[in-house]
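Peer 1: Residue numbers (full-length UniProt numbering): 1 to 150.
Sharing a structure with you now.
Right, dumping it as structure tokens:
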């Protein structure tokens with residue numbers, strides 16, 4: 001597989017409609033780093049898988065689709081869009097904002113959000129060593145009712 005095929009397979013299995021955690025073991029380097037504003041930084045296959053399992057339990061219909069990939073050497077960048085509905089257990093894997101109470105979605109809140117973002121994947125020897133993303137964390141927090149604007 002070339003780098004774009006690796007990222008495409010990862011994106012479909014990890015962020016797409018049909019979550020397939022076996023692909024994490026297949027394509028992630030042992031010490032992979034994943035970092036997003038909504039979830040902070042995770043290091044290593046196990047920590048990343050635990051975060052993704054928790055996310056998929058809280059948002060069973062979570063679905064993002066990649067709307068374009070570009071590649072430069074061993075970096076693949078992808079733009080994406082999607083979202084999900086919180087119908088699972090209480091969810092608190094959200095950013096900690098200094099001066100504000102912890103952001104928590106109560107169990108089965110039924111809140112839905114759609115947002116967009118960009119992800120940058122670094123590939124070495126056929127494995128993903130990092131996935132660093134920027135997303136519309138503020139827009140998602142507002143849609144989930146976690147923050148309000150006065």
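Virtual Cβ for every residue (Gly too), placed ideally from N, Cα, C.
#1: Residue 85 lies in the beta strand (DSSP E); which residues open and close that run?
#2: So if DSSP puts residue 151 in a beta bridge, which residue, or which two residues, is it bridged to?
#3: Am I right that residue 14 and residue 52 are in contact with their C-beta atoms under 8 Å? What's the rounded C-beta distance?
#4: So, helix, strand or coil for residue 48, using DSSP?
#5: Looking only at its chain, what residues have a beta carbon closer than 6 Å to the beta carbon of residue 33, apart from the 5 residues adjacent to it on each side?
#6: Can you name the start and end residues of the alpha helix (DSSP H) that residue 15 belongs to?
#7: With DSSP run on the structure shown, which of helix, strand or coil describes residue 70?
#8: Grab me the residues of residue 80's own chain with a C-beta within less than 8 Å of its C-beta, minus the 5 sequence neighbours each way, in chain order.
#9: Where residue 27 and residue 127 are concerned, what is the direct C-alpha to C-alpha distance, given to the nearest angstrom?
#10: Can you tell me where the alpha helix (DSSP H) holding residue 211 begins and where it ends?
#11: Drop a sphere of 10 angstroms on the beta-carbon of residue 104, count the other beta-carbons inside from all chains shown, and report buried for 16 or more, exposed for fewer.
#12: Thinking residue 124 and residue 29 are a contact (beta carbons under 8 Å), I'd like their distance in whole angstroms, please.
Peer 2: The structure says:
#1: Walking along the chain shown from the start, residue 85 turns up at place 85. 75-85 is the span of the beta strand (DSSP E), which, as asked, contains residue 85.
#2: Residue 151 falls outside the range modelled here, since the chain spans only 1 to 150, and no answer is possible.
#3: Here the question's residue 14 lines up with position 14 in the chain shown. Here the question's residue 52 lines up with position 52 in the chain shown. Sure, about 6 Å apart at Cβ, within 8 Å.
#4: Translated into the one-based positions of the chain shown, residue 48 becomes position 48. Helix, per DSSP.
#5: In the chain shown, counting from the first residue as 1, residue 33 sits at position 33. Closer than 6 Å at Cβ, skipping near neighbours: 43 and 130.
#6: As a working mapping, residue 15 is identified with position 15 in the chain shown. Premise fails: residue 15 is in no alpha helix (DSSP H) and is neither H nor E.
#7: What you label residue 70 is simply residue 70 of the chain shown in a count that begins at 1. In this structure, residue 70 counts as strand in the three-state DSSP scheme.
#8: In the chain shown, the residue the question calls residue 80 occupies position 80. So the qualifying residues of the chain are 11, 15, 64, 65, 66, 67, 116, 117, 118 and 119.
#9: As a working note, residue 27 is residue 27 in the chain shown. As a working note, residue 127 is residue 127 in the chain shown. Those two C-alpha atoms are separated by around 5 Å.
#10: Nothing can be reported for residue 211: it is not among the residues displayed for the chain, which extend from 1 to 150.
#11: Taking the first residue of the chain shown as 1, we reach residue 104 at position 104. Exposed is the call here.
#12: To locate residue 124, count along the chain shown from 1; it is residue 124. To locate residue 29, count along the chain shown from 1; it is residue 29. Confirmed, Cβ separation roughly 7 Å.
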